[in-house]
Every structure is written in C-alpha cells, then in structure tokens.
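**Student:** Residue numbers (the UniProt record's numbering): 1 to 344. Glycine included, every Cβ here is placed at the ideal spot set by N, Cα and C. Here it is: the structure, laid out below.
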C-alpha cells in the first residue's frame, strides 16, 4: 500500500511538472519536413526570437516557461518575414493549426489570454470610426485589469495620443500581478520620456546623419536663439506627406525671422532612396536626418513618439514650447510667438 501511495504521489508530481510552462504544437498545412519555425515574443514594435524548432511529422513543437503572458508569433524559414501565426503565449498547452501563409485563418486554442485578445479584435472590426475604437479600447483595458492581453492593447492601441499623466493613471489601475509586464514597463518608460520632453523642459539633444551622411546634432540649430520645429515623419507615411505642405508653408512664412525645421525620418533600412525622393518632391529644404531604423529610430524613442507625423516646437533658449501642432495650428502658434516677441 505504501509503495502504491508513493508511486501515486510521484506520478502526481511528474504530472504537475509536465504541466508547468507552455507547450506549443504548431500544425500548419504546407509546412515541409525539416523547415525551421521560429517562436518570437513581441516586446515592443519588433519581435524577439526565443526559440526555434524543426518541422517533424508535419508539426513543430515548442516548450518552455514564461513569467507573464506575452503576444507571440510563429514564422517559417526567415524569422523576419510575415508571421505564419500570432497568438498570446502563456504557460499552458497551446495548439496552433491552419493553412500556412494565411495567418488570419489560423486557429489557436488553449490560451485564455488569446481568447480575450481575439474578442477585442473581433469587436474592433465592427467599429466604424477611430473615436469608437479609442473609447472601446479604453473600456476594454479598464474592464480587464488582470489581463496581459489588456496590458498589450493598452500599450499598442490605447496610448497613442495619450498624455503622460493619464498613462500613469491607467498603469496604476492594473492588478499588482501584472506589475512585471513588459508592456506596462514600456508605457511607464514612455510616460517618463513624454514628461521629460513636454512643454517647459529643455530639448533632448541627439546626432544623426543627414542626406549626405554627415552627422548633424539637433543642438546645431536648437537653443541658438531661434524657434525650431523638430519634425518626425517618413516617406511611407501618407498622413506625414499630407502634413508636409503645411510645414513648408510655415517655414516659408517665418524663415526670414529665423524659424527653421529639423526633420527626422523614420524610414526603413532599405528606404534611403525613398526618403531622398520624398524630400525633393515635398520641397523639404531644411536639415533632414535619419538613422533609417524605422520604428527603432533613437530620437523618436527619446521623445516618446508612437505615431507620425509628430513634432516638437523648441523655443529660442532651447525650451520646448509645444507639441504636435498640425495644419494651421503651427502657423497660428508661430504668429502668436513672433508677435509677442516683436511687441517687447
């Protein structure tokens, strides 16, 4: 009897150990024997590979342990290509199945966080306006304070356009079990950067290559006695290209007073030619710089830029005056500032 009990206890312990962590079974129609499948987690805008597996018997198997659920993806062959599947990874058995090359048709089971995230995506698909999506996203986050999926939605979908005090209020509303979530940590870091680059603070300097490859510092123009617009944009960004005529108009109207623009492009590593063509086509005759790192653009991160176009107006003494002046608002603000200066 004692031996039986001991064997039973050992079996239970082994079962508990076996259940600890995650087990991902990927069965995708079209996988070839021996192909490499990569498992990555999305910490920010770019994925980080955490494991790989060779296809055997038409399937790829992954196992491990993760501290908190995170959005993950599977890619086949080249870890940089479009994901074959995307889902929330958590410590449970997860099955991924469907046709290779059709990520929207892939089915995922075994992840409660994935089910919640899918419910969010399905609901968003029924909404017609950006305002509706924003309101729904905020409600989704508030109603799921213990969910890692809600933390991701907050980071990725809700924070763009949000001011830093409100970001911190939302972070404080999440359960203590999620305090270690990378998504909430990223929001806290973003809030710090936004606060440090908000009106009333001195500008944060940086140096990037210009169109000729020559390193140019923002401080070469900012804090030198004139107003400077730090403008974040990209050749691939349609809203940016639509905004450029307004920036050009402001520049032409006030350049004789010393106003200038310092353009920072978030173009891709292979986008140099597109960047240069856009500068010429849009008539951006001021200093233009870029590290060609897309959303990994270092100055964009320093200024808490989550979407483009985005800009920062810097005063003559290097103090930030305003952020995100769009369309006629930029000319109106400059008119006000120069009128006040002329009246002194």
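Going by beta-carbon coordinates alone, are residue 241 and residue 282 separated by less than 8 Å?
**Tutor:** For residue 241 and residue 282, yes; Cβs fall inside 8 Å.
**Student:** Using C-beta distances below 6 Å, list every residue in its chain close to residue 14, excluding the 5 sequence neighbours before and after it, in chain order.
**Tutor:** Unreliable placement is indicated for residue 14, whose pLDDT of 40 sits below 50; the coordinate value is still reported in the next sentence. Here the set comprises nothing.
**Student:** What span of residues does the alpha helix (DSSP H) with residue 263 cover, start to end?
**Tutor:** Taken as a continuous stretch (DSSP letters only), residue 263 belongs to no alpha helix (DSSP H), being part of the beta strand (DSSP E) at 260-265.
**Student:** State the start and end residues of the unbroken beta strand (DSSP E) segment that holds residue 207.
**Tutor:** Residue 207 -> beta strand (DSSP E) spans 207-209.
**Student:** Pick from 139, 115, 128: whose alpha carbon is nearest that of residue 348?
**Tutor:** Because residue 348 is not part of the residues shown, which for the chain are 1 to 344, the question remains open.
**Student:** Measuring straight from C-alpha to C-alpha, what distance separates residue 61 and residue 51?
**Tutor:** Answer to the nearest angstrom: the Cα atoms are 10 Å apart.
**Student:** In this structure, does DSSP put residue 137 in helix, strand or coil?
**Tutor:** Reduced to three states, the DSSP call for residue 137 is helix.
**Student:** Identify, in the order they occur along the chain, each residue of the same chain with its Cβ nearer than 7 Å to the Cβ of residue 188, setting aside the five sequence neighbours on each side.
**Tutor:** Excluding sequence neighbours, residue 188 sits near 171.
**Student:** Quick check on DSSP: helix, strand or coil for residue 143?
**Tutor:** Helix at residue 143.
**Student:** Could you pull the start and end residues of the alpha helix (DSSP H) that residue 190 belongs to?
**Tutor:** 182-196 is the span of the alpha helix (DSSP H), which, as asked, contains residue 190.
**Student:** Does DSSP put residue 176 in a helix, in a strand, or in coil?
**Tutor:** Correct three-state label for residue 176: helix.
**Student:** To test your reading of the DSSP string, which unbroken beta strand (DSSP E) runs of 3 or more residues are found completely within the segment 103-136?
**Tutor:** DSSP runs (the beta strand (DSSP E)) wholly in the segment 103-136: 107-109.
**Student:** So, helix, strand or coil for residue 70, using DSSP?
**Tutor:** Note: residue 70 maps to strand in three-state DSSP.
**Student:** Span of the beta strand (DSSP E) holding residue 99?
**Tutor:** Run containing residue 99: 93-99, per the beta strand (DSSP E) assignment.
**Student:** Check whether the Cβ atoms of residue 346 and residue 309 sit closer than 8 Å, and answer yes or no.
**Tutor:** Outside the displayed range of the chain (1 to 344) lies residue 346, so it cannot be described from this structure.
**Student:** Would you decide whether residue 197 is buried or exposed? Buried here means 16 or more other CB atoms lie within 10 Å of its CB.
**Tutor:** It is buried - the Cβ of residue 197 has at least 16 other Cβ atoms within 10 Å.
**Student:** Rounded to the nearest angstrom, what separates residue 117 and residue 110 at their Cα positions?
**Tutor:** Spanning the two alpha carbons is a distance of roughly 13 Å.
**Student:** Within 10 angstroms of the Cβ of residue 6, are there 16 or more other Cβ atoms? Answer buried if so, exposed if not.
**Tutor:** In this prediction, residue 6 scores a pLDDT of 40, lower than 50, which makes its location untrustworthy; no coordinate-derived value is stated.
**Student:** On the criterion of 16 or more Cβ atoms from any shown chain inside 10 Å, does residue 4 qualify as buried, or is it exposed?
**Tutor:** In this prediction, residue 4 scores a pLDDT of 41, lower than 50, which makes its location untrustworthy; the coordinate-derived value is nonetheless stated afterwards. So residue 4 ends up on the exposed side.
**Student:** Quick one: any contact between the segment 75-95 and the segment 20-40, if contact means 3 or more CB pairs under 8 Å?
**Tutor:** In short, these stretches touch, since the Cβ pair count reaches three.
**Student:** Among the candidates 176, 191, 319, whose CA atom is the shortest distance from the CA of residue 165?
**Tutor:** That would be 191, whose Cα lies nearest to the Cα of residue 165.
**Student:** For residue 46, count neighbouring C-beta atoms within 10 Å of its own C-beta (all shown protein chains included) and say buried if the count is 16 or more, exposed if not.
**Tutor:** Exposed, because fewer than 16 other Cβ atoms sit within 10 Å of the Cβ of residue 46.
**Student:** Cα separation between residue 296 and residue 212?
**Tutor:** Looking at the two C-alpha atoms, the distance is approximately 21 Å.
**Student:** Mind checking residue 113: buried by the 16 CB within 10 Å criterion, or exposed?
**Tutor:** Result: buried.
**Student:** Looking at the structure shown, is residue 279 part of a helix, part of a strand, or coil, going by DSSP?
**Tutor:** Residue 279 falls in the helix class under three-state DSSP.
**Student:** Under a Cβ-count criterion, where at least 16 other Cβ atoms within 10 Å of its own Cβ denotes burial, should residue 86 be classed as buried or exposed?
**Tutor:** Under this definition residue 86 is a buried residue.
**Student:** Just how far apart, CA to CA, sit residue 216 and residue 67?
**Tutor:** Approximately 42 Å, taken between the alpha carbons.
**Student:** If you reduce the DSSP assignment to three classes, tell me which class residue 244 lands in.
**Tutor:** Three-state DSSP puts residue 244 in a helix.
**Student:** Going by DSSP, what residue range makes up the beta strand (DSSP E) through residue 309?
**Tutor:** Note, residue 309: premise wrong, no beta strand (DSSP E); not H, not E.
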